[in-house]
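Asker: Each residue of the sequence shown is one higher than the one before, counting from 17 in this note's numbering. Ideal Cβ placement from N, Cα and C applies to all residues, glycine included. Owing to the predicted nature of the structure, the values given are computational and were not obtained by experimental measurement.
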Amino acid sequence: MIAKPSHSEVDRSKGRQSPSRNSGNQKKTKVGSRLRAMRLNRKLVLMLHESLRAATAKEDALAAAAAPSSKFSLQHVGPPPPSPTAFPRLPDPAIRVAYEAKLQDPGTRVADEQEHDGFVLVGSDSDVDEMQDSQRTPSIKFQPVVQVVEIPSHEDYCESDRKKQWNSKKRIRKEARRNRLEYKADRFDWRNCKEEEDMVELCDGSLVHPHTYAARLSAAGDESCLSMRTKLGLPTVDKVTTKRMMLWQRE
């Protein structure tokens, strides 16, 4: 037979198990207090949110009452406006324009009288012109057609001039080289090309470019040699040198 434990042993076992039970009870009480605190905090947060929502709604209502809304702005304070059919339709005023000044005299001012029912409007052309001048904007107009100077061709010259100008290939090459040098002296820009009044007149009445004239003078060597000037077709009297001598004598 199995022996039953005595009362002393049971008491001892109960005494040994009592601390673990006490710790379990303490843990349960702590968890319960924490849950109660969390529920209380949640209630406080909800109450705070409700109070904030109520305050915001109150502020919005006050702002809407202070600012006039479109609904209230459309409403008329006082009696309603009359309907369009309450008054009869007014007749169009008769306008009469009379020119009393003489058109032949430019010094007179042309007056425009516009007579309406019950009043007269008087205007002047000078006021209208001043208004148009103030409102006028500058504009640039381009001509659609450009006029150019036609250069005569070989067939446009007569037979004598043709033989004189195009008598040989050597002369043509010489004239082309002279034209190229003169264009180089003008810095290869047609805006700087010399006009007829800028040319130098030779003894035979022909005109040459100043660059060609200076080249012929340098080729002559002695500018005072009349025979060399005559041979090269240069004028016997240098206008530029004579003018400089006159200025030097005056000084």
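With DSSP collapsed to three states, give me the class of residue 213.
Answerer: Residue 213 falls in the helix class under three-state DSSP.
Asker: What's the gap between the Cα of residue 224 and the Cα of residue 155?
Answerer: Cα-Cα distance, rounded: 43 Å.
Asker: Given this structure, state the Cα-to-Cα distance separating residue 206 from residue 195, to the nearest angstrom.
Answerer: Each residue's Cα considered, the two are about 12 Å apart.
Asker: Work out the CA separation of residue 203 and residue 178 for me, nearest whole Å.
Answerer: The straight-line gap from Cα to Cα measures roughly 31 Å.
Asker: So who's on the other strand from residue 224, going by DSSP bridges?
Answerer: Answer is 216, bridged to residue 224.
Asker: Between residue 201 and residue 227, how many whole angstroms is the CB-CB distance? I'm expecting something under 8 Å.
Answerer: The pair is a contact, with the Cβ atoms about 4 Å apart (cut-off 8 Å).
Asker: How should residue 216 be labelled, buried or exposed, when 16 other C-beta atoms within 10 angstroms of its C-beta is the threshold for buried?
Answerer: Flag for residue 216 reads buried.
Asker: Measure the C-alpha to C-alpha separation of residue 168 and residue 235 and round it to an integer number of angstroms.
Answerer: Cα to Cα, the separation comes out at about 32 Å.
Asker: Taking the C-alpha atoms as reference points, what is the distance between residue 73 and residue 65?
Answerer: Each residue's alpha carbon lies about 12 Å from the other.
Asker: By DSSP, does residue 75 sit in helix, in strand, or in coil?
Answerer: Helix, per DSSP.
Asker: If you follow the alpha helix (DSSP H) that residue 191 is part of, which residue opens it and which one closes it?
Answerer: From DSSP, the alpha helix (DSSP H) with residue 191 extends over 185-201.
Asker: From the DSSP output, in three-state form, read off residue 176 for me.
Answerer: Looking at residue 176 - three-state DSSP - the assignment turns out to be helix.
Asker: Using C-beta distances below 7 Å, list every residue in its chain close to residue 165, excluding the 5 sequence neighbours before and after it, in chain order.
Answerer: There are no such residues.
Asker: If you draw a straight line from the C-alpha of residue 58 to the C-alpha of residue 68, how long is it?
Answerer: If you take the alpha carbons of residue 58 and residue 68, they lie about 15 Å apart.
Asker: Tell me the DSSP secondary structure of residue 166 in three-state form.
Answerer: Three-state DSSP puts residue 166 in coil, outside helix and strand.
Asker: For a test of the three-state rule: what should DSSP assign to residue 161, helix, strand or coil?
Answerer: If DSSP states are grouped into helix, strand and coil, residue 161 belongs with coil.
Asker: In this structure, how does DSSP classify residue 155 when only helix, strand and coil are distinguished?
Answerer: The answer is coil: DSSP assigns residue 155 none of H, G, I, E or B.
Asker: From residue 52 to residue 81, what distance separates their C-alpha atoms?
Answerer: For residue 52 and residue 81, the distance between alpha carbons rounds to 44 Å.
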